[in-house]
Amino acid sequence: MHHHTKAVSAPLHRNKAWIGKSPSGFAAYARAARKFNFDAPTVVGNRGQVFRKTPSGGTGSEVPAEDVQGDLEYVVPVTIGTPGVTLDLDFDTGSSDLWVWSSELKSGTKGHNVYNPSKSSTAKVLKNAKWNISYGDGSSASGNVYTDTVKIGTVTIPSQAVELAEKLSSQFASGEGSDGLLGLAWPALNTVTPSAQKTPVENLIDDDVISQGVFTVALDKGDSNGFYTFGTIDAAKAGVSTSDIKYTPVDNSQGFWMFDSATATVNGQTINRSGNTAIADTGTTLCLVDDNTVQSIYSQIEGAQLDNSQGGYVYPSDAQIPVVQFAVGDNLFTVDPADFAFSDAGNGMTFGGIQSRGDNPFDILGDVFLKSVYVVFDQSNVQIGMAQRS
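Position 218 of the sequence shown, counting from 1, maps to 218 under full-length UniProt numbering, and the rest follow consecutively.
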């Protein structure tokens with residue numbers, strides 16, 4: 001029986017713990033360096049690892065959205081189990097694990113909603129299954145795996161692998177304004193052993209819950225209406241027309257939403273980056289690109305300088321921001337200058353939203369870039385679509 005009835009628009013909102021806090025550019029940068037295992041001058045000692053397997057033994061609903069810690073993290077309420085418990089999960093297109101704060105955590109869980117499988121009549125333990133996300137700086141998250149009912153907006157996945165945090169190192173637990181993470185990248189990045197588990201989007205497609213194998217995202221700033229959709233494209237809600245969406249093939253061999261990005265422009269001057277690739281990652285706040293491009297950008301901002309104590313380039317808060325574009329396949333998209341300023345760096349200086357990717361081999365186009373576009377993650381056709389938002 002093919003249901004093919006469900007499509008959903010799910011909310012993005014601010015985690016209550018972060019309201020009123022201002023973001024730290026250094027923290028955002030260090031977090032990306034841990035996640036993607038890159039070294040850069042300003043984050044020596046923060047070397048981490050990408051989420052990798054560790055060697056082991058139809059209808060719609062729309063809800064408003066807010067950001068977390070001044071655009072640091074977008075969270076979506078997800079309901080798990082029977083009766084359901086609702087957790088705010090970080091929607092992350094740069095990883096593929098659904099892990100949650102759980103009753104198995106030995107350390108305190110104050111300020112977090114937790115999932116307790118013993119209180120859910122639909123929970124089943126996945127025998128011998130373990131998950132483990134570990135970083136080079138010694139931080140990690142790991143635990144057991146259950147399957148249970150997972151509901152996002154109005155769509156339900158009857159049997160989704162839910163990875164329970166049993167151990168969370170302090171570096172991992174701090175600075176996360178959420179109750180866990182919902183990975184939206186490809187299966188190759190799932191860390192469950194002995195066998196990888198399907199992501200929620202894979203299950204939605206395979207179970208015929210959604211009629212179109214797509215999800216989309218419009219990230220908004222501050223308290224306006226950011227949203228995700230599953231199974232439908234809502235261009236109008238994002239303020240664009242369907243014909244504006246330009247598609248580009250995706251290379252998912254490494255598990256990421258990766259595509260060619262062979263050019264960038266700064267104030268109309270083209271930077272040739274032949275062979276360069278990039279990923280779209282909602283789970284990274286900053287936009288991290290090659291050094292040559294970063295230097296080209298800040299050379300156009302009067303008074304800009306690399307400040308190692310801040311973790312990157314800073315510039316005078318009243319300076320003019322150049323027009324910066326990045327190629328996604330053959331199409332150029334412009335970063336809204338309003339999103340370029342990431343955080344206050346003190347002394348009249350601002351921490352820039354575009355920074356160096358260090359020795360990472362690909363660009364990481366995070367929220368600073370993604371807020372300027374409406375993004376269609378077309379999993380069925382292995383392509384990504386973007387439309388410039390005003």
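Quick reminder that beta carbons are idealized off the backbone N, C-alpha and C, glycines included.
Only counting the same chain, and skipping five residues up and downstream in sequence, which positions put a Cβ closer than 6 Å to that of residue i?
i, result
"W101", "T109, H112, V114, A165, D179, G180"
"T265", "Q325"
"Y247", "Q383, G385"
"A10", "V76, I152, G153, Y228"
Is the Cβ-Cβ distance between residue i and residue j less than 8 Å?
i, j, result
"N132", "E104", "no"
"V192", "I80", "no"
"V217", "I152", "no"
"N252", "W186", "yes"
"Q388", "F333", "yes"
"A278", "Y374", "no"
"I301", "I271", "no"
"G353", "L286", "yes"
"V240", "D378", "no"
"D290", "N276", "yes"
"S95", "G226", "no"
"Y29", "G255", "no"
Among the residues of its own chain, which have a CB less than 8 Å from the CB of residue i, if the five just before and after it don't count?
i, result
"V209", "H3, K6, V155, T156, I157, N203, G231"
"Q212", "A7, G231, T232, I233, S380"
"S142", "K130, W131, N132, I133, S134, A165, E166, K167"
"D372", "In the sequence under discussion, the amino acid at residue 372 is Ser, which differs from the Asp named in the question. Excluding residues within five positions, the ones whose Cβ falls inside 8 Å are F333, T334, V335, D336, D339, Q388, R389."
"V294", "Y313, I354, Q355, S356"
"T59", "Annotation note: pLDDT 28 at T59 (below 50); position unreliable, coordinate value reported separately. Cβ within range, chain order: T5, K6, A7, V8, T154."
"D92", "L181, L182, G183, L184, A185, D281, T282, G283"
Quick check: what's the CA-CA separation for residue i versus residue j?
i, j, result
"S120", "S159", "13 Å"
"Y313", "F351", "6 Å"
"F364", "V328", "The identity of residue 364 in the sequence shown is Ile, whereas the question assumes Phe. Looking at the two C-alpha atoms, the distance is approximately 12 Å."
"F342", "G25", "7 Å"
"D88", "T282", "15 Å"
"N331", "S390", "16 Å"
"T242", "L98", "30 Å"
"G268", "A161", "47 Å"
"G385", "A235", "11 Å"
"A338", "D367", "13 Å"
"S274", "T263", "7 Å"
"A188", "N308", "35 Å"
"Y315", "M349", "5 Å"
"D344", "S317", "8 Å"
"A33", "A27", "10 Å"
"R31", "Y74", "15 Å"
"V376", "V85", "29 Å"
"D90", "D220", "15 Å"
"residue 401", "M258", "Outside the modelled stretch of the chain, which goes from 1 to 390, sits residue 401, for which no answer is possible."
"residue 391", "S261", "With the chain covering only 1 through 390, there is no way to say anything about residue 391."
"D244", "K106", "50 Å"
"D207", "Q305", "52 Å"
"S196", "I205", "According to the sequence shown, residue 196 is Ala rather than Ser. Distance between the alpha carbons of A196 and I205 is about 17 Å."
"V63", "V201", "The predicted model places V63 with a pLDDT of 26, which falls under 50 and marks its position as unreliable, so this point remains unresolved."
"P83", "L288", "41 Å"
Grab me the residues of residue i's own chain with a C-beta within less than 7 Å of its C-beta, minus the 5 sequence neighbours each way, in chain order.
i, result
"A123", "G81, P117, Y146, D148"
"V44", "Residue placement at V44 is flagged as unreliable, the pLDDT there being 35, under the threshold of 50; a coordinate-derived value is accordingly withheld."
"F362", "M258, T277, A278, I279"
"G303", "Y315, P316, A319"
"L126", "V145, Y146, T147, A161"
For residue i, write down the residues that DSSP places opposite it in a beta bridge.
i, result
"Q254", "Per DSSP, none; premise fails for Q254."
"Y247", "G385"
"Q355", "L288"
"P77", "D88"
"V376", "T216, G385"
"G346", "M349"
"N116", "N116 pairs with nothing; no bridge assigned."
"G143", "W131"
"I233", "Answer is none; I233 lacks a bridge partner."
"V240", "DSSP, once it has assigned bridges, lists no residue as partnering V240."
"D363", "A278"
"S102", "Y115"
"T334", "Q325"
"K35", "According to DSSP, which records beta bridges pairwise, K35 is partnered with nothing at all."
"Y228", "A10, V217"
"I205", "None; I205 has no bridge partner."
Relative to the ligand MN, is the shortest distance from any of its heavy atoms to the C-beta of residue i smaller than 7 Å?
i, result
"A27", "With respect to small molecules bound, the structure shown includes none, and the ligand MN cannot be examined in it."
So with Cβ pairs under 8 Å, would you call residue i a contact of chain D?
i, result
"S211", "Structure shown: chain D not included; a single protein chain is present."
**OP:** Please specify which runs of the alpha helix (DSSP H), each continuous and at least 4 residues long, are wholly inside the segment 256-330, giving them in chain order.
**Re:** Every alpha helix (DSSP H) of 4 residues or more that sits fully in the segment 256-330 is shown, in chain order, as 291-298.
Original post:
What residue ranges within the segment 146-194 form continuous alpha helix (DSSP H) runs of no fewer than 4 residues, ordered along the chain?
Top reply: 170-173
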